[in-house]
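Residue numbers (my numbering): 5 to 110. Here is the structure we will look at.
This is the structure we're talking about:
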């Protein structure tokens with residue numbers, strides 16, 4: 005008997021890929037550098053550490069790496085707060101299932 009449903013967050017209820025790409029493009033634009041869409045999308049399926057390694061090698065930031073990483077993460081948080089993309093139907097699925105099942109986010 006199923007009594008609990010587990011939801012993954014990213015890709016199931018929200019989609020952070022666009023926010024991450026916008027943060028990367030915006031961060032580099034602030035430094036006067038244009039990053040290709042393909043390179044901005046490099047974060048998809050990767051950790052930020054891996055993405056930064058690739059991006060900062062290809063597009064060296066004009067500030068120390070730790071400051072550049074903080075700046076990018078600040079932009080990313082701002083993107084999530086202001087332009088969060090929800091997966092169509094995700095919120096409704098949670099609402100519909102909440103009365104019959106225990107729900108958890110993993």
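C-beta atoms are modelled at their ideal positions from N, C-alpha and C, and glycine is treated no differently.
Under the criterion of a Cβ to heavy atom distance below 7 Å, does residue 31 qualify as lining the ligand FAD? The ligand FAD is absent from the structure shown, which contains no ligands of any kind.
Taking 7 Å as the limit between beta carbons, can you name the residues of its chain near residue 28, skipping five residues before and five after? So the list reads 39, 44, 47, 59 and 76, once near-sequence residues are dropped.
Could you tell me whether the Cβ atoms of residue 56 and residue 73 are closer together than 8 Å? yes
Residue 64 classed as buried or exposed, judged by whether at least 16 other C-beta atoms fall within 10 angstroms: exposed
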